[in-house]
Amino acid sequence: MRFEQEYRVTAWWASGRTGLVKSSSTPNAIHFSSSPEFGGLEGRWTPEDLLLSSLASCFTVTFRVLAQRDNFEYTDLEVSVQATLGKTESGYILNEFLIRPTLTVLFDHDRERGMALLRKTQAVCLVSKALAPVSVRSLGVHALFCFVEPANPNGTRSSFFHLPSRPGSGDRAGGRAF
């Protein structure tokens with residue numbers, strides 16, 4: 037059985053240096069402009085912003101669907117996306133799309149499973165596949181509660197949970213590529 041879903045958006049130039057884009061699935065229109073570097077207005081969405089937000093939101097939604105199917109619980113997923121604008125003989129081109137997901141899970145033992153779901157998300161995300169090649173760099177899967185068993189002064193072990201600092205409150209550099 038063949039499946040087909042159609043999506044439609046319409047864009048029009050409103051006036052001056054700004055335009056509007058509207059989807060058939062939502063009543064709200066988005067004001068856009070070219071980037072200020074190309075004569076557009078400050079503070080408006082650009083086509084490049086909209087493209088990157090499509091990639092970030094698709095990655096986020098795809099992860100949520102996969103996590104739900106796998107009964108995987110997580111507390112937060114933040115997805116940052118960047119692309120590089122380059123100039124070739126034929127003109128400007130967006131290339132080097134880079135997705136940086138940061139996943140927060142409750143417990144340390146869920147980290148590996150979270151990494152596996154992030155890898156699977158990259159493989160099945162529709163927008164990521166349409167823009168291929170897209171690189172994904174994980175800034176980490178952070179656990180809110182880590183199970184720690186320190187030795188007591190008498191040599192026995194007692195179990196307790198440790199709550200580390202929230203991801204994003206410190207340095208996020210040094211992510212691992214996959």
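As numbered in the numbering used here, the sequence shown has no gaps in its residue numbers, which increase by one up to the final residue, 214.
Glycine is no exception: its CB is placed at the ideal position from the N, C-alpha and C atoms.
These numbers were taken from a predicted model, which means no experiment stands behind them.
Any idea if residue 146 is buried or exposed, counting beta-carbon neighbours within 10 angstroms, 16 or more meaning buried?
Your numbering for residue 146 matches position 110 in the sequence shown. That one is buried.
Is the closest heavy atom of the ligand ADP to the C-beta of residue 152 under 7 Å?
Inclusion of the ligand ADP in the displayed structure is not the case, the ligand content being empty and no account of it being possible.
Mind reading off the beta-carbon distance from residue 60 to residue 80? Whole number of angstroms is fine, and I expect it under 8 Å.
Looking up residue 60 in the sequence shown gives position 24. Looking up residue 80 in the sequence shown gives position 44. Residue 60 to residue 80, Cβ: 22 Å. No contact.
Reduced DSSP secondary structure (H/G/I, E/B, other) of residue 179
Along the sequence shown, read from residue 1 onward, the residue named residue 179 stands at position 143. Reduced to three states, the DSSP call for residue 179 is strand.
Figure out for me which residue from 129, 125, 138, 121 has the closest Cα to the Cα of residue 115.
Reading the sequence shown from its first residue, position 79 is the one you call residue 115. Nearest C-alpha to residue 115: 138.
Could you tell me the distance, in whole angstroms, from the CA atom of residue 69 to the CA atom of residue 106?
What you label residue 69 is simply residue 33 of the sequence shown in a count that begins at 1. What you label residue 106 is simply residue 70 of the sequence shown in a count that begins at 1. The alpha-carbon atoms of residue 69 and residue 106 are separated by roughly 41 Å.
Excluding sequence positions up to five away, which residues of its chain have a Cβ less than 8 Å from the Cβ of residue 162?
Start at 1 with the first residue of the sequence shown, and residue 162 comes out as number 126. Cβ within range, chain order: 94, 98.
Between residue 75 and chain D, is there a C-beta pair that is closer than 8 Å?
The chain labelled as chain D is not found in the depicted structure, where only one protein chain is given.
Could you please give the first and the last residue of the uninterrupted alpha helix (DSSP H) stretch that includes residue 99?
Residue mapping note: residue 99 aligns to position 63 of the sequence shown, counting from 1. Here the alpha helix (DSSP H) through residue 99 covers 83-105.
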